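Letter 142 of the sequence shown, counting from 1, is numbered 142 in the working numbering, and no numbers are missing.
Think of the CB as a built atom: it goes at the ideal place given N, C-alpha and C, for glycine as much as any other residue.
What you are looking at is a predicted structure, and each value in this text was computed from that prediction instead of being measured.
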Amino acid sequence: MKTSSSISKDTADASSKPAAADKISSRPLLLNVGGTLMAFPRDVLRRDGLEDTCLAVLLNRFDSWMIRDADGIHFIDADPFSFTWLAVKLRYLQDVRIAVTEITDGCPSLAFYHDRFMAHTDLSIDAQPGDENSEAFRGFMAVMGPFIDTSAGGTGGREVLSVTVDDGSVVATTDATLADYNILYDRFTKYRGPVVDVSAADFHKVVDYLRRIRLAPGAVTPLPMGGD
Numbered sequence: 001m002k003t004s005s006s007i008s009k010d011t012a013d014a015s016s017k018p019a020a021a022d023k024i025s026s027r028p029l030l031l032n033v034g035g036t037l038m039a040f041p042r043d044v045l046r047r048d049g050l051e052d053t054c055l056a057v058l059l060n061r062f063d064s065w066m067i068r069d070a071d072g073i074h075f076i077d078a079d080p081f082s083f084t085w086l087a088v089k090l091r092y093l094q095d096v097r098i099a100v101t102e103i104t105d106g107c108p109s110l111a112f113y114h115d116r117f118m119a120h121t122d123l124s125i126d127a128q129p130g131d132e133n134s135e136a137f138r139g140f141m142a143v144m145g146p147f148i149d150t151s152a153g154g155t156g157g158r159e160v161l162s163v164t165v166d167d168g169s170v171v172a173t174t175d176a177t178l179a180d181y182n183i184l185y186d187r188f189t190k191y192r193g194p195v196v197d198v199s200a201a202d203f204h205k206v207v208d209y210l211r212r213i214r215l216a217p218g219a220v221t222p223l224p225m226g227g228d
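See below:
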């Protein structure tokens, strides 16, 4: 876990190098979302109406705190489709093909993740002196902590676990999500070869169900169901 002094140093570093941060942020960020790789246009999240969302702050300020996969790629333990949808919408916004409200209003079928990542935060993208001790920081961590590496003060776990399924795609999650599910944890860590005894669609649903339980403990979380 990061100490107060190390957090303060990160804040100071971010404050003293805004130009460098802007230059880095202007490039798409390669993300691994639940096993799916994508170039995510995080710079678009700096626009009015989006810059005060938790996702904007996570990706543009605290990306160094995020858990990474074995290849060093930033990892988000979420349903890949929710980020595929958002990435497409952000590019449409960038091309002035939609209004920002089409993003903030979200998609009903993706509400679980949308409500978390698009939640408002009073913490700014650009670090301010001492803001790591603010109520805004604590509120941000309460929402985004599950997507931040445990070693950085979050609850997202320390390791990305992945397995190939029968359609050739990859399903990935974190050790934190599987911590209470030994059989599934063993399938990710002890056995070679793809998952063939369960369909890819069903395996995706099961893993996402466990993600949701971790993100919303104590809540009644229905198992995600397909349209068919």
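For Val-206, the enclosing alpha helix (DSSP H) stretches over residues 200-215. A residue is called buried once 16 or more other Cβ atoms fall within 10 Å of its Cβ, and Pro-80 is buried on that count. Nearest neighbour of Arg-68 by Cα position, chosen from Asp-149, Asp-166, Lys-190 and Ala-87, turns out to be Asp-149. DSSP places Ser-124 in the coil class of the three-state scheme, outside both helix and strand. By the Cβ neighbour-count rule, Ile-183 is exposed, with fewer than 16 other Cβ atoms within 10 Å of its own. When the beta-carbon positions are compared, Gly-35 and Val-170 come within less than 7 angstroms of each other. Per the DSSP secondary-structure output, Phe-40 pairs in a beta bridge with Leu-29. Assigned with DSSP and collapsed to three states, Phe-62 falls in coil, not helix or strand.
By the Cβ test, the segment 157-170 is in contact with the segment 197-208, since at least three Cβ pairs between them sit closer than 8 angstroms. Classified as exposed, Arg-27 has fewer than 16 neighbouring CB atoms from the shown chains inside 10 Å of its CB. Of Val-207, Asp-52, Arg-46 and Phe-83, the smallest CA-CA separation from Ala-111 is found for Phe-83.
Taking 3 residues as the shortest admissible run, the segment 125-150 contains no complete beta strand (DSSP E) segment at all.
The beta carbon of His-120 sits closer than 7 angstroms to the beta carbons of Asp-52 and Thr-53 from its chain, once the five residues preceding and following it are set aside; these are given in chain order. The C-beta distance from Ile-73 to Leu-37 rounds to 7 angstroms, short enough to meet the 8 angstroms contact threshold.
The beta carbon of Trp-65 is closer than 7 angstroms to those of Ile-148, Asp-149, Ala-152 and Gly-154 in its chain, skipping five residues each way along the sequence. Under the three-pair Cβ rule at 8 angstroms, the segment 82-99 does not count as touching the segment 174-182.
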